[in-house]
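Chains as they are written, first to last, in my numbering: chain L, 83 to 444; chain C, 266 to 563; chain P, 637 to 924.
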Ligand SMILES: Nc1ncnc2c1ncn2[C@@H]1O[C@H](COP(=O)(O)OP(=O)(O)O)[C@@H](O)[C@H]1O
Ligand SMILES: [Mg+2]
């Protein structure tokens, strides 16, 4: 068990800088998820922590040691790869025991650790098969088993679930969560899937173009996105964004739409400022099909373009101030395309972003 | 129309079979027959003088034959193993280079383009005791004050020949192993690093099993045309001086063309053919085993 | 901090020894060839000089001039040899490629009984040593009257190259998924068209590297050519090297000049296709 600290970490590939001086503190036993669109430098960061890529600047500390130039084997970490990276010429048992064999542990200890790991991941029935004869989910579990037998200080995962189908992915997500509870180790987990990030993380770290945009607990980043990028990246469906302008004690949007300024932002905005209003589908619902709203709200009439019934709720695609807007309907009834409904917008849950910097004004 | 009935695959391999039968099988059958006669090139009528297995018995009883046989095996074992290890080393060295790798690869293939007979002359020149590069260098550097008889002394001559052969053929191994190294998936190697392997351990446990099939392919190819070494030996020493470097192929050539004893030469030729076939089949078996090991069998 | 220093030092040391070893290896590969090239430009007195002349001086084209010159001045019919070699190698390579493509395709695409046995059988014909084959071939060819002709040698080289060509090309077609040709057939091609329009272009790299190998084998072959060709009209370049040797002496300078001429075409060809060479050599890879 150990903390992981990145100080001003930079990575260059030749002249191209792909990670720009990032800072990150991961505490003991913390489950941190690095999330961001593909190509933003997540894998590179993770591989620098693992020692598979050299760092071009800064400092990496694992436990109490600076490990900048240490090879992976001296860092006491283990890693689960996106394509599993199983050794094709070894059986599952040999795959699991390989790292201990390399470390010259004695056979009884190896057998014990391997059995333990195979139980945790219910691999007992496949122990003498080779990876070629396993399904995707089984391979994934072997890869995880291989990582846990060593009792490393830090677990690194690089998109471990992205090759699985949706159902298996959901199932493995739960297993990873259970695994973390059972073995109590620091985990750094990379994914481009924000659902995985939201469900697994103690702390989410959102990256874009080699920078860390925001970090915080899943609720924090969900409710208070620091900018429009995080607002649209985290949460499904993404946050609705309406560009507008601050008028006299109100917000003006194209098409003559006028809304009150949310109370939290009253003292922050200046008249004439260009802003973007952000609100989630959960906070704009048809009257009679919504939740009770504590604070201010606004009534808006919109006609429904397309409706998408999902069972317990229905998604409504509508137009507002020239923008495509997504709203939600609880306790749904059948909605005709083109039907006009009155919606309740929960102003207390709205965010305002500066139109120029795209940053949250809060 | 008979050919309509023949399966397509057969029609496709038919040209290959016809040519190989005409150029290789028929002459071989002829030489098999003649190896049971006392056929001499100078006296055509001896072709019909059946003498049974006399030629084979003569070979088996001949000290010269066994000496050449033993030397051939020794030569093959040393040369093939050296080529493999050096080729492996060279491939690993080149594969670790990031900048200018293409140029190194091209240079590495250089000796493959050389005609074996040219390689023979080249090293005959370089190892020449009087004007050769090696002796000139040794003498100019003061490492030796007399001319070393590279191609006359038995041990030195064998060394020189093996050097020439290894120089020529190491690149075959290097290229095939390099192709193997490129085809290895990156992931398991990184996993091995994270699993705590030292560079040597990841090579031993991960890389080597992956390139084993390529090593065996190279071995099989090399044993297929290992007799190209004949050209080198023939030029460098022609088995001499005084049979000190006589190997099976030079012995066959001399017996057949110089002594004109075709029957006897063909009998020994058959021994050399079976030797080559044995080596080739052995490595093919190994190749398939290695493929199965990786779970990638046909 | 200390362990970091140590690791850094170690990797630096490894890097240096890597480069040094590489340099030595490359030198050993290059020097013999360069030695030949250098000596083709040196006058015989310098080649023979004792003590040796290290700094090249008086480099000239005399050896080349003599070689191309008349037979009287120690010249050899080098243009004739070159033409012979070129005709024989090119023709035999092209034929071997066609025969090999047909065979390789059959092995890669069809299932039939005894496939492996036939495959290994074909391949083993290549294992017959040239000397052992040259004796009976010599007699058979003498009987049929094609000894000492281009045709005879072309035939022999095609047979030499076909097994290897089949092996390489088989590996290539194996890597191409069969759906590709099937899709083309569904799109309205005949099997013949599907082959030439879809599969062949994909396998071109493999055919190219098979071609290189076939060409180099024919271009460089000596054991058979030295017995099966006698006259200027069919002798090939490698056999021509012998013209510079007499009973007791060797004209090193002249031989080096011919050697350079022998290497150049092989060199050019290899440079052209070297890109494909490595990828072409996987023999169907380990995928099988
Ligand atoms: N070996 C490399 N050479 C050059 N650029 C690279 C290399 N590896 C990754 N990159 C670049 O670095 C950026 C980040 O890559 P990566 O960390 O793999 O992204 P991801 O967040 O999808 O894991 C990408 O733009 C990628 O193109
Ligand atoms: Mg990635």
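Beta carbons are placed, not taken as given, at the ideal position from N, Cα and C, and that holds for glycine.
Taking Cβ positions only, does residue 233(L) come closer than 8 Å to chain C? In the first chain, counting from the first residue as 1, residue 233(L) sits at position 151. Residue 233(L) does not count as touching chain C.
Answer with yes or no whether the minimum CB distance from residue 259(C) to chain P is below 8 Å. The structure shown does not extend to residue 259(C), since chain C is modelled only from 266 to 563, so the question has no answer here.
Got a sec, what are the start and stop residues for the beta strand (DSSP E) residue 95(L) sits in? As a first step, residue 95(L) is located in the first chain; it is residue number 13 there, counting from the start. Segment 86 to 95, the beta strand (DSSP E) holding residue 95(L).
Mind the definition here: the segment 156 to 170 of chain L touches the segment 654 to 665 of chain P only if three or more C-beta pairs lie below 8 Å; say whether that holds. no
Given that a residue counts as buried once 16 or more other Cβ atoms are within 10 Å of its Cβ, and exposed if not, what is residue 368(C)? Residue 368(C) sits at position 103 when you count from the first residue of the second chain. That one is exposed.
Provide the residue span of the alpha helix (DSSP H) that contains residue 445(L), from first to last. This structure cannot settle anything about residue 445(L), because the visible part of chain L is limited to 83 through 444.
I want to see whether chain L comes within less than 8 Å of residue 640(P), judged by CB atoms only; does it? For the purposes of this step, residue 640(P) is taken as the residue at position 4 of the third chain. Yes, residue 640(P) lies at the interface with chain L (some Cβ there is under 8 Å from its Cβ).
Are the beta-carbon atoms of residue 805(P) and residue 742(P) separated by less than 8 Å? Translated into positions along the third chain, residue 805(P) becomes position 169. Translated into positions along the third chain, residue 742(P) becomes position 106. No.
From residue 351(L) to residue 364(L), what does the alpha carbon distance come to, in whole angstroms? Here residue 351(L) refers to the residue found at position 269 of the first chain. Here residue 364(L) refers to the residue found at position 282 of the first chain. Taking the straight line joining both Cα atoms gives about 25 Å.
Within chain C, partners of residue 910(P) - CB distance below 9 Å: Looking up residue 910(P) in the third chain gives position 274. Going along chain C in sequence order, the residues near residue 910(P) (Cβ under 9 Å) are 367, 370, 371, 374.
Proximity test, residue 455(C) beta-carbon vs ligand 2 heavy atom, cut-off 7 Å: Counting from one through the second chain, the residue named residue 455(C) turns up at place 190. No, ligand 2 has no heavy atom inside 7 Å of this Cβ.
Taking Cβ to Cβ, would you say residue 792(P) is nearer than 8 Å to residue 877(P)? Counting from 1 along the third chain, the entry for residue 792(P) is found at position 156. Counting from 1 along the third chain, the entry for residue 877(P) is found at position 241. For residue 792(P) and residue 877(P), no; Cβs fall outside 8 Å.
What residues from the segment 122 to 153 of chain L come within 7 Å of chain P, judged by C-beta to C-beta, listed N to C? 148, 150, 151, 152, 153
Return helix, strand or coil for residue 369(L), following the three-state DSSP convention. Mapped onto the first chain, residue 369(L) falls at position 287. Here residue 369(L) sits in coil by DSSP.
Please output, in chain order, the residues near ligand 1 using a CB cut-off of less than 5 Å to any non-hydrogen atom of the ligand. 95(L), 100(L), 120(L), 121(L), 122(L), 123(L), 124(L), 125(L), 126(L)
Rounded to the nearest angstrom, what separates residue 395(L) and residue 413(L) at their Cα positions? Working through the first chain from its first residue, we reach residue 395(L) at position 313. Working through the first chain from its first residue, we reach residue 413(L) at position 331. Approximately 6 Å between the Cα atoms of the pair.
Could you tell me the boundaries of the beta strand (DSSP E) in which residue 380(L) lies? Start at 1 with the first residue of the first chain, and residue 380(L) comes out as number 298. Note, residue 380(L): beta strand (DSSP E), 379 to 391.
Residues that residue 445(L) contacts on chain C, provided the C-beta gap is smaller than 7 Å: Missing from the structure shown is residue 445(L); chain L here goes from 83 to 444 and no further.
Tell me whether the beta-carbon of residue 428(C) lies closer than 8 Å to the beta-carbon of residue 390(C). One-based indexing of the second chain puts residue 428(C) at position 163. One-based indexing of the second chain puts residue 390(C) at position 125. Not in contact: residue 428(C) and residue 390(C) (Cβ atoms no closer than 8 Å).
Length-filtered (4 minimum) alpha helix (DSSP H) runs lying within the segment 660 to 737 of chain P: 680 to 684, 698 to 704
Member of 299(C), 325(C), 509(C) whose CA lies at the smallest distance from the CA of residue 315(C): Counting from 1 along the second chain, the entry for residue 315(C) is found at position 50. If we check each option's Cα against that of residue 315(C), 299(C) comes out closest.
What whole-angstrom Cβ distance do residue 425(L) and residue 358(L) have, given they're in contact under 8 Å? Locating residue 425(L) in the first chain gives position 343, counting from the first residue. Locating residue 358(L) in the first chain gives position 276, counting from the first residue. With 8 Å as the limit, residue 425(L) and residue 358(L) do not qualify as a contact, their Cβ atoms being about 19 Å apart.
For residue 827(P), report the span of its alpha helix (DSSP H) as first-last. Here the question's residue 827(P) lines up with position 191 in the third chain. Start and end: 827 to 830.
State the Cα-Cα distance for the pair residue 249(L) and residue 141(L), rounded to the nearest angstrom. Taking the first chain and counting its residues from 1, the one referred to as residue 249(L) is at position 167. Taking the first chain and counting its residues from 1, the one referred to as residue 141(L) is at position 59. Answer to the nearest angstrom: the Cα atoms are 39 Å apart.
Can you pull the chain C neighbours of residue 274(L), defined as C-beta to C-beta under 9 Å? Here residue 274(L) is taken as the residue at index 192 of the first chain, counted from 1. The premise fails here: residue 274(L) is roughly 18 Å from chain C at the closest Cβ pair, so nothing lies under 9 Å.
Minimum Cβ-Cβ distance from residue 651(P) to chain L less than 8 Å: What you label residue 651(P) is simply residue 15 of the third chain in a count that begins at 1. Residue 651(P) does not count as touching chain L.
Taking Cβ positions only, does residue 490(C) come closer than 8 Å to chain P? Start at 1 with the first residue of the second chain, and residue 490(C) comes out as number 225. It does; some Cβ of chain P falls within 8 Å.
Any heavy atom of ligand 2 within a distance shorter than 7 Å of the CB on residue 278(L)? Residue 278(L) sits at position 196 when you count from the first residue of the first chain. Incorrect: residue 278(L) has no Cβ contact closer than 7 Å to ligand 2.
Chain L residues whose Cβ lies nearer than 8 Å to that of residue 471(C): For the purposes of this step, residue 471(C) is identified with residue 206 of the second chain, where counting begins at 1. Result: 169.
Among the residues of its own chain, which have a CB less than 7 Å from the CB of residue 362(C), if the five just before and after it don't count? As a position in the second chain, residue 362(C) is number 97, starting the count at 1. So the list reads 369, once near-sequence residues are dropped.
Heavy atom of ligand 2 less than 7 Å from the Cβ of residue 240(L), yes or no? For the purposes of this step, residue 240(L) is taken as the residue at position 158 of the first chain. Yes, the Cβ of residue 240(L) comes within 7 Å of a heavy atom of ligand 2.
Mark residue 348(C) as exposed unless 16 or more other C-beta atoms lie within 10 angstroms of its C-beta, in which case mark it buried. Taking the second chain and counting its residues from 1, one reaches residue 348(C) at position 83. Label assigned to residue 348(C): buried.
Taking all protein chains shown into account, do 16 or more other C-beta atoms lie within 10 angstroms of the C-beta of residue 703(P), making it buried, or fewer, making it exposed? For the purposes of this step, residue 703(P) is taken as the residue at position 67 of the third chain. The residue in question, residue 703(P), is buried, as its Cβ has 16 or more Cβ neighbours within 10 Å.
Between residue 179(L) and residue 101(L), how many whole angstroms is the CB-CB distance? I'm expecting something under 8 Å. Sequence index remark: in the first chain, residue 179(L) carries index 97 (1-based). Sequence index remark: in the first chain, residue 101(L) carries index 19 (1-based). 35 Å between Cβ atoms; not a contact.
Spell out whether any CB of chain C is found under 8 Å from the CB atom of residue 184(L). Here the question's residue 184(L) lines up with position 102 in the first chain. Output row for residue 184(L): interface = yes.
Cβ closer than 7 Å: which chain L residues qualify as neighbours of residue 418(C)? Residue mapping note: residue 418(C) aligns to position 153 of the second chain, counting from 1. Within chain L, no residue comes near residue 418(C); the closest Cβ sits about 47 Å away, beyond 7 Å.
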